[in-house]
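The structure under discussion appears below in the form of structure tokens.
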Amino acid sequence: MLKEIGAKTCPPGTVIFPKVGGALLTNKKRLLGTEAAFDNNVMGIVPLGLDEEWLLYWFQTIDLRQLANTQAMPSIRQSDIAALELRLPPLAEQRRIAGRLREQMAEVARARAAVQAQLAAAQALPAAVLRAHFTTPAALRWPRRRLGEVVRVQTGYAFKSDWFTNEGIRLLRNVNVAQGRTTWEDSVCLPAERRSEFPDFELNAGDIILSLDRPLVSGGLKLTRLTANDVPALLLQRVGRFVIKQGVEADYLFRFLQTDGFIRTITAHEQSLGVPHVSPKQIEEVELPLPPLPEQRALAARLTAELSAATALRESLAQRLAAIERLPAALLRTAFAGAAVPSSAGK
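Last residue of the sequence shown: 328 (the numbering used here), numbering continuous.
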């Protein structure tokens, strides 16, 4: 079939990489394990008298994104690659370098896998901590009340989009509610002189906020607690604020809302719209375990300490993983120091 259409094949050991479009920007290079043909979106370098593994490692020091033209559809010309220069060591030295890099990359892969496993466990730790405290024999004996008996879930005002301005008092929208934090990178405002028209929707530091549209995303529940940096602000529709009536501590309530039991309950409803949505009524029907106020305060304090430790562990592991991800490039730079001209050569 390949002969019939005039397609050329490349032998095993060819270094291949994307040469056009978004795939080019991934900067990925691979070594062919078998004879293969590919379309015009891929380019291959066939090693002639070179150690193929050494060539792949050397080519990984070249940033293809810097070689690409700046047109709407980035691409690399064959002449750009052909113009690259390298200082070629003897074949035996190529094999020695490639062998050493193979060992080092394997060590990096093992370290990466170990830290990734630790990070996955650390990411699951907050849910485990909450589950452990809310499912003890004592906790299972606590009286339970509907959330609606102790809190009211207030939805925001339907501010019209043609009222929005770039300056004034910020409007808290779904896009501003993240997992455990508030983000204002994408913000809209209401003119400051109109603030007094909406006193019932004025937000305060300490308010517990839940996104009512698509409340659960891959990163977790879109639930946050406002800080002094988040106010002044006004509550927009499809965002809910928990207004405490009586009998529940805000810190305790905030921790309960993070439990997987609460999350499962509010996300188990059938959705009639394309965007998953939870209503205040559905939230207010959830049962809340309600120990005495002193016990609520004590549990909330313990959970805050344990969850802070879990966050610190997760951040530490994320930093370790980031450092490991930088190692391959550093190892390649060391191995090929002086062996290549800058990657912009040939332009």
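Quick reminder that beta carbons are idealized off the backbone N, C-alpha and C, glycines included. Values in this document were obtained by computation on a predicted structure and should not be read as measured data.
For arginine 125 and glutamate 230, I'd like the C-alpha separation in whole angstroms. 15 angstroms
In or out: glutamate 34 buried (at least 16 other Cβ within 10 Å) or exposed? The residue in question, glutamate 34, is buried, as its Cβ has 16 or more Cβ neighbours within 10 Å.
Determine the direct distance from the alpha carbon of leucine 313 to that of alanine 307, and round the result to whole angstroms. According to the sequence shown, residue 307 is arginine rather than alanine. So the alpha carbons of these two residues sit roughly 11 angstroms apart.
The segment 267 to 276 contacting the segment 71 to 84, beta-carbon criterion three pairs below 8 angstroms: no
Where does asparagine 147 land, buried or exposed, given buried means 16+ other C-beta within 10 angstroms? exposed
Cβ-Cβ separation, glutamine 218 to glutamate 136 (assumed contact under 8 angstroms), whole Å: Rather than glutamate, the amino acid found at residue 136 in this sequence is threonine. Rounded, the Cβ-Cβ distance is 6 angstroms, consistent with contact.
Mind checking whether leucine 207 and phenylalanine 223 have CB atoms under 9 angstroms apart? no
With distances taken Cα to Cα, identify the nearest neighbour of valine 267 among Thr292, Arg127, Pro309. Arg127
How big is the Cα-Cα spacing for serine 60 and threonine 315? Between serine 60 and threonine 315, the C-alpha separation is close to 27 angstroms.
Closer than 6 angstroms by C-beta to glutamine 99: which residues in its own chain qualify, once you throw out the five before and the five after it? Chain order, please. Excluding residues within five positions, the ones whose Cβ falls inside 6 angstroms are Leu298.
Grab the span of the alpha helix (DSSP H) containing alanine 113 for me, first residue to last. 72 to 115
Contacts around alanine 105, its chain only, beta-carbon distance under 8 angstroms, and the 5 residues preceding and following it disregarded: None.
C-alpha distance - glutamate 178 paired with cysteine 170, whole-angstrom precision: 14 angstroms
Residue nearest to leucine 111 in terms of C-alpha spacing, selected from Ala303, Ala286, Pro309, Ile305: Ala286
Candidates Ile244, Ser260, Gly187, Pro261, of which the one nearest alanine 108 by Cα: Ile244
Range covered by the beta strand (DSSP E) that runs through glutamine 297: In the sequence as presented, glutamine is not what sits at residue 297; that position holds serine. Unbroken run through serine 297 is the alpha helix (DSSP H), 274 to 316; no beta strand (DSSP E).
Taking only the alpha-carbon atoms, compute the straight-line gap between glycine 25 and alanine 103 and give it to the nearest angstrom. 42 angstroms
Scan the segment 172 to 259 and note each continuous alpha helix (DSSP H) run of 4 residues or more that stays entirely inside, going in chain order. 231 to 237, 241 to 248
Rounded to the nearest angstrom, what separates valine 1 and glycine 30 at their Cα positions? 28 angstroms
Based on the DSSP output, what are the partners of isoleucine -3 in its beta bridges? Arg11, Gly25
What separation, rounded to the nearest whole angstrom, lies between the Cα atoms of serine 56 and glycine 221? Going by the C-alpha atoms only, they are around 48 angstroms apart.
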